[in-house]
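Top to bottom, those sequences are chains R and E. For the first sequence, position 73 (counting from the first letter as 1) is numbered 73 according to this note's numbering, and the numbering increases by one without interruption. For the second sequence, position 238 (counting from the first letter as 1) is numbered 1238 according to this note's numbering, and the numbering increases by one without interruption. Below is one structure, written out as structure tokens; the observations come after it.
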Amino acid sequence: MSYEIVNRPHQQNFIDWSADKPEVVVLTADLTNSCEVGRWRDTYPERFFSMGMAEQNMLGVAAGLAREGFEPWLHTFAVFLYRRPLDQLQMSIAYPSLKVRLVGFLPGIMTPGGVTHQAIEDFAVMRAIPNMTILEVGDATEAESVIDVAHAVDGPVYIRQLRGEVSRLFPKDEPLVFNHARVLSEGEEITLITSGIMTEEALRAMPLIKQKGVLVKHLHVSTIKPFNDPQVVAAVTSASKGVITMENHSIIGGIGSAVAEIMAEHGAAVPLRRIGINDTYAHGASQKHLMEELGLNAQSLVAAVEGLIGRNLHIAAEDLAAARVADVHSAAKAEAL
Amino acid sequence: MTKTQRASDQWLAEVAKGIRQRVLGHSLKNNGGYMSQACSAAELLSCMYGGLIDLPEVPEPLLPRPFAGTPGIAGKNRETGIEFHGGRKPDRDRLISSPAHYALVIYAAMIESGRLHEDALNDFNKDGSTVEMIGAEHSPGFETTTGSLAQAISQASGIAIARKIRKETGNTWVFMSDGEFQEGQTWEALQAASFHNLGNLKVIVDVNQGQCDGPMDQVMSIEPLASKIEAFGWEVVRVDGHDTDAIFDAGKTVTDKPLMILCYTDPVRGLPIMQSRFPTLHYLRFTSETEKATYAAAYQEMSK
């Protein structure tokens, strides 16, 4: 399986998109180039505000701008948008339900920056905040189209955004649609719900699993809150053998929990297997290493399927070939932390 | 009629007296209230609502709305208490009140200055009312929800930036309490406001040197406050917070920097019997009928 690799899908796209939207302003906290808005700053200097390493104040300033009719787009690493400034996020932005866009980069274990940089419980925290909308992009097409979806929400939006080299899994003309999952395969035995970078990982294993005759309905979700897409509800309440969730997040409070809530509310009587970070912190290491160490990978998916159907699929690790082979040689450099 | 030019000395004195009297009367009726804040801030609030801040007029004292519900997505229940401050006018000032615990005192100041109907206090701390004990953005005269302190100055900075982008000539003011200078966010906001040259941002502080646990120099000292704020790039004026001339003079300070007016105040000014409760001044609750009678007598004296 190989996909086109898009270099910095957010960078120029966001500049072009902002051209006819004078209400859009950008605030950053010392991670401007790292969040692909350095050129945006140079293009629109009069509506770019460097707030320094001071996220609590940045969130408050954004609230004030939003109250005056501007639409602030905060760009920093995902973890810095909610962990330190949680009170400001809640009282200054979420309670008044202001149009502030929190664009969080390097979610979960995508950063080698270690525990301080790893947003592994952001869904759990954000899902519990009233008025919050949560989006997560899974490929370059979604990284490009998520800004339209967020822009249309009259309330605060948190986005798990991708940067640098990003695979294009979905056709460019099939943008992210609010609260509408993508159906990647059909099947009645098992429902698989994936989001973010876990979708590409799942897609490594899916052809092999299907070859073995297992019937899997695979949905890719990008809207994490609200989490009431009728397609998702139907899929997680109708699988005959079980449901699997796969997320770049703690198994507590994220997509696995959201699916569990739906299943319980509907009385779905099949097992749920949550693939995610198993209630542990991570540490500084490569994404590949952490995915393997924490079991956020295709092997875990195969094992979960085997557990639910009660037989060994005899899929060898070497069959699950390298995740990604770039169609296009990328010139994207490693980004700063 | 509300004030936009400097009010007369007599008006300022009457409003200040009325604030203390109204808060004391309310505290007697309800067996408790934020009384020391009325004593410390009466003059600076009379100045704020008496022309120091160029707030748009309110034609007649307004009655508070009932609580409509919490705000939600798609603009639901987003009305704030801004109407009591005359709304948004590009060439006029705005006032964001930060210390939500001063709500009773702020309501009293707005009643005395003709912005809020005097019946409003009948709704104070009543279920279903916006006249909340800890003011929130739907409360009269409030625009932000800052019961968790030090969040207003950042939001006011955002408003000041927005007004600068739109080339509005009005200033954005923040009323703060000195305890908020213990919060890190305040200092983040101070550094950002000077970095972004927010000359249209002005802060007036009730430096009453007290907080919930007692005197600030025993809980967590913030001094030397003026020199610290100056070091953050602000223009700082330190005044006697009971001297209305000094407060108005401070407001006239010509500067391109954001302006901080530190009003040093006496938390028992106008009600000296409260000194016996020192250092527990944050909230006045009567411990006995005898004590209450003493305060009732002081109220009668004040009303003469």
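For every residue, glycine included, the Cβ atom is placed at its ideal position computed from N, Cα and C. All figures in this text were calculated on a predicted structure; none of them were measured in a lab.
With contacts defined by Cβ atoms closer than 8 Å, A1109/E and Y1049/E form a contacting pair. Under the Cβ distance rule, N131/R counts among the residues neighbouring chain E, one pair being separated by less than 8 Å. According to the DSSP assignment, M246/R belongs to the beta strand (DSSP E) that extends over 242-250.
Taking C-beta atoms under 8 Å as the contact rule, G1018/E and H1026/E fail to qualify, at a distance of about 12 Å. At a beta-carbon threshold of 8 Å, the residues of chain R lying near R1078/E are P96, S97, ordered along the chain. Beta-bridge partners of H218/R (DSSP): S185/R, L192/R. Pairwise C-beta distances place the region 237-245 of chain R in contact with the region 189-207 of chain R, as three or more of them are shorter than 8 Å. Residue pairing from DSSP leaves Q88/R without any beta-bridge partner. The three-state reading of DSSP puts H1085/E in helix, counting H, G and I together.
Those residues of the region 1174-1197 of chain E placed with their C-beta closer than 8 Å to a C-beta in chain R are G1184, Q1185, E1188, A1189, Q1191, A1192, F1195, H1196, ordered along the chain. For F80/R, the enclosing alpha helix (DSSP H) has its first and last residue at 78-82. Contacts with chain R at 8 Å (Cβ-Cβ) do not include E1112/E. By the CB criterion at 8 Å, S222/R and S195/R fall inside the cutoff. Between the alpha carbons of I93/R and A128/R lies a gap of roughly 14 Å.
Annotated three-state conformation of A119/R is strand, per DSSP. Taken atom to atom, the span from the alpha-carbon of D1206/E to that of Q1185/E is near 18 Å.
In the three-state reduction of the DSSP assignment, V1058/E falls in the coil class. Across the region 1121-1152 of chain E, CB contacts with chain R closer than 9 Å involve A1136, E1137, E1143, T1144, T1145, T1146, G1147, S1148, A1150, Q1151, A1152, in sequence order along the chain.
T1172/E is classed as buried because its beta carbon has at least 16 other beta carbons within 10 Å across all chains shown.
Inclusion of M1302/E and L1045/E in the CB contact set at 8 Å is not warranted, their separation being larger than that value.
In this structure, the CA atom of L1198/E is about 30 Å from the CA atom of A1016/E. In this structure, the straight-line span from the alpha carbon of K217/R to that of V236/R is close to 9 Å. For R101/R, no alpha helix (DSSP H) encloses it; the enclosing beta strand (DSSP E) starts and ends at 101-105.
For A1103/E, the nearest beta carbon of chain R is not closer than 8 Å to its own beta carbon. Nearest CB-CB separation between E68/R and chain E: below the 8 Å threshold.
Scanning T1294/E, P1140/E, A1296/E, Q1155/E for the CA closest to the CA of P1066/E turns up P1140/E.
Look at the region 1050-1074 of chain E: the residues with a C-beta under 8 Å from a C-beta of chain R are T1070, P1071, G1072, I1073, A1074. The DSSP-derived three-state label of M1176/E is strand. Scanning V103/R, G276/R, R163/R, A317/R for the CA closest to the CA of H151/R turns up V103/R. In the three-state DSSP reduction, I147/R falls in the helix class (H, G or I). Within the region 1084-1164 of chain E, complete beta strand (DSSP E) segments of at least 3 residues are found at 1094-1097, given in chain order.
Taking T1294/E as the centre and dropping the five residues before and after it, the same chain places the C-beta of I1273 closer than 8 Å to its C-beta, in chain order. For the C-beta of S92/R, the chain E residues within less than 8 Å are, from N- to C-terminus, T1144, T1145, Q1151, S1154, Q1155.
Nearest Cα to A54/R within the set D154/R, R84/R, E71/R, L135/R: R84/R. Of the other Cβ atoms in all chains shown, fewer than 16 fall within 10 Å of the Cβ of V183/R; this residue is therefore exposed.
For D279/R, no Cβ of chain E is located within less than 8 Å of the residue's own Cβ.
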